[in-house]
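Scroll down for the structure; my scribbles are underneath it.
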Amino acid sequence: MAGGPTHRCAEWSLNRRVSDHSAQRCGWGFPGRPCQDRGVPASESAASVAELFLEFGLLLVGLGLLARLAHALSISPVPLYLVAGLFFGDGGLVGITASDTFVSTIAELGVVLLLLLLGLEYSATELVRTARQQSRAGMADIVLNATPGVVLALILGWGWVGALALGGITYISSSGIVSQVLRDLRWRRNPETAPVVSVLVIEDLVMAPYLPILSVVLTGAGLVSGLITVGTALLVVAIVIVIALKGSVRFHRLLSPRDPVGLLLIVFGAAIAAAGVAGLVDFSPAVAAFLVGLLLTGEVAEVARRRLDPLRDVLAAVFFAYFGLVVDPGDLPAVLLPALLLAVVTIATKFLTGWIAARSVRSTTIGSLRAGALLSARGEFSVVIAGIVAVSMVLPPTFQAFVAAYVLITASAGPLLARLAEPIGWWWEQRPPRGRRTLEA
Numbered sequence: 033m034a035g036g037p038t039h040r041c042a043e044w045s046l047n048r049r050v051s052d053h054s055a056q057r058c059g060w061g062f063p064g065r066p067c068q069d070r071g072v073p074a075s076e077s078a079a080s081v082a083e084l085f086l087e088f089g090l091l092l093v094g095l096g097l098l099a100r101l102a103h104a105l106s107i108s109p110v111p112l113y114l115v116a117g118l119f120f121g122d123g124g125l126v127g128i129t130a131s132d133t134f135v136s137t138i139a140e141l142g143v144v145l146l147l148l149l150l151g152l153e154y155s156a157t158e159l160v161r162t163a164r165q166q167s168r169a170g171m172a173d174i175v176l177n178a179t180p181g182v183v184l185a186l187i188l189g190w191g192w193v194g195a196l197a198l199g200g201i202t203y204i205s206s207s208g209i210v211s212q213v214l215r216d217l218r219w220r221r222n223p224e225t226a227p228v229v230s231v232l233v234i235e236d237l238v239m240a241p242y243l244p245i246l247s248v249v250l251t252g253a254g255l256v257s258g259l260i261t262v263g264t265a266l267l268v269v270a271i272v273i274v275i276a277l278k279g280s281v282r283f284h285r286l287l288s289p290r291d292p293v294g295l296l297l298i299v300f301g302a303a304i305a306a307a308g309v310a311g312l313v314d315f316s317p318a319v320a321a322f323l324v325g326l327l328l329t330g331e332v333a334e335v336a337r338r339r340l341d342p343l344r345d346v347l348a349a350v351f352f353a354y355f356g357l358v359v360d361p362g363d364l365p366a367v368l369l370p371a372l373l374l375a376v377v378t379i380a381t382k383f384l385t386g387w388i389a390a391r392s393v394r395s396t397t398i399g400s401l402r403a404g405a406l407l408s409a410r411g412e413f414s415v416v417i418a419g420i421v422a423v424s425m426v427l428p429p430t431f432q433a434f435v436a437a438y439v440l441i442t443a444s445a446g447p448l449l450a451r452l453a454e455p456i457g458w459w460w461e462q463r464p465p466r467g468r469r470t471l472e473a
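Under my numbering, the first residue of the sequence shown is numbered 33, with each subsequent residue one higher.
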């Protein structure tokens, strides 16, 4: 839409800082490069397409090499993707210009797939049952982990808007990193794994009303319009859960596990369309994609998840890299110390949350430490929340830099702490009782 005004993009989109914020943009999504004149000569257009392919291809190759390195080291690739984005972004050593808008669109599709796959992981029955069984751990999770973010945001002068955003960022754990650690360390059948997954389910459920509320606060909507938006969001979530609980046979008639290609196209297309409609009516596109996944169950959900997993990994890698692209590395030194302090505090509170959850199944000390280590990493949802804040431009650019540093620290520390949990737990359990230690002394 050349020559048109800037379109308000999907809530999670990251706002790429450019020197002229009044420059007109094309389409909706991550704001990218200025719209190109439709009268551009064919030779110049071909050259720009070739440059786009070259930049994007090299970016994917670089991300692939980083993923290979992360796999060899048995760590999450998320921190490496963020560092790659910092390297290629504003203020980095190499700038990406030709493929900026294209990469931003791919990154948005990565968010849609992340949330869609998250919805496919759970059934509505599982959500309701988990919320009842782990309500104590879920409440402790909110209080223990959102509070440090709220307090620090107020101390740093970001106000209650920043407090609401940073509280959500410190609250939500990374389901993707947890899944990878469980797979790498073969902890899936451990007794503390079920409570950990239950806590993650509750966190994802909390995001359904949280994201619309955050969007309303960031846009500065009035009380009445804000209540209408939030009420609509809650009503839609409730309706989808009720439909899923009663069975979505009618939805499944359109889908056949025996036709995986058709299933892939319909499910992915429905999620993208739902996210687009949600953005147009001021509903959370992230929640819309999540609800589409929640409607699908059984073999249909399993086949869709298996088919979409590789595509999700590719697009999510671009998403994390693009978040690094929009952060100026020059902003990092000023926020590194408070980000490190917050990371230490919130890793400790996640360990306490994991301890509470694991003790509900009478887990051992080692199991409780494993649970805390699993929950300590922050990743995809924290970046999504930061993207919602970025597009509103309510908070300063240092907020994005702060979140990038915070996610880098916690996403790197989480898998490492998981590997140290068993040796530390074994040492703790082998200690002699206090009375015996005193007697020996």
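Where a beta carbon is used, it is the ideal one built from N, C-alpha and C, also for glycine.
If you draw a straight line from the alpha carbon of residue i to that of residue j, how long is it in whole angstroms?
| i | j | result |
| --- | --- | --- |
| L214 | I417 | 25 Å |
| D216 | G252 | 44 Å |
| Y438 | A270 | 33 Å |
| T202 | L449 | 17 Å |
| Q462 | K382 | 24 Å |
| A389 | E224 | 8 Å |
| L326 | L237 | 11 Å |
| L369 | G181 | 14 Å |
| F85 | G96 | 16 Å |
| Q165 | V233 | 11 Å |
| Y154 | V272 | 13 Å |
| R57 | G419 | Any reading at R57 must be qualified, since the residue scores a pLDDT of 36, below 50, and its modelled position is unreliable; no value is offered. |
| I209 | S106 | 11 Å |
| C41 | G311 | Note on C41: pLDDT 41, under 50, position unreliable in the model; the coordinate value appears next. Taking the straight line from one Cα to the other gives about 7 Å. |
| T179 | E87 | 42 Å |
| A422 | Q432 | 7 Å |
| E235 | E83 | 42 Å |
| L198 | V426 | 13 Å |
| V268 | W459 | 50 Å |
| A405 | V231 | 13 Å |
| T396 | L452 | 16 Å |
| R338 | V93 | 23 Å |
| S392 | T329 | 28 Å |
| V81 | E140 | 20 Å |
| V248 | V183 | 21 Å |
| P3 | L118 | Examination of residue 3 is not possible in this model, given that the chain is present from 33 through 473 alone. |
| S211 | G294 | 27 Å |
| P447 | L407 | 10 Å |
| W387 | I398 | 10 Å |
| D173 | S167 | 10 Å |
| V313 | P244 | 11 Å |
If you count every other CB in all the chains shown that lies within 10 Å of the CB of residue i, and 16 or more means buried, which is it?
| i | result |
| --- | --- |
| A366 | exposed |
| M171 | exposed |
| S444 | buried |
| V435 | buried |
| S136 | buried |
| D363 | buried |
| T378 | buried |
| I187 | exposed |
| A307 | buried |
| S207 | buried |
| R221 | exposed |
| G411 | buried |
Which residue wins for smallest C-alpha separation from residue i, given the options the options?
| i | options | result |
| --- | --- | --- |
| R218 | S80, R402, M425 | R402 |
| V335 | F134, R161, S211, V299 | V299 |
| E120 | G419, L90, L149, L101 | Correcting the residue type first, residue 120 is Phe in the shown sequence and not Glu. Closest by alpha carbon: L90. |
| S400 | T378, T264, A226, L340 | A226 |
| L296 | G263, V319, R344, P317 | R344 |
| V274 | L323, V313, H103, I420 | L323 |
| L196 | V423, W460, A185, V393 | A185 |
| D360 | P428, A409, E454 | P428 |
| F413 | A348, T430, S392 | A348 |
| V332 | V93, V144, G117, G151 | G151 |
| A321 | G301, G330, V115, R338 | G301 |
| V319 | P342, V350, V249, P241 | P241 |
| T442 | R100, A102, S108 | S108 |
| I304 | P342, V144, G386, R168 | V144 |
What runs of the beta strand (DSSP E), each 3 residues or longer, lie entirely inside the stretch 157-196? none
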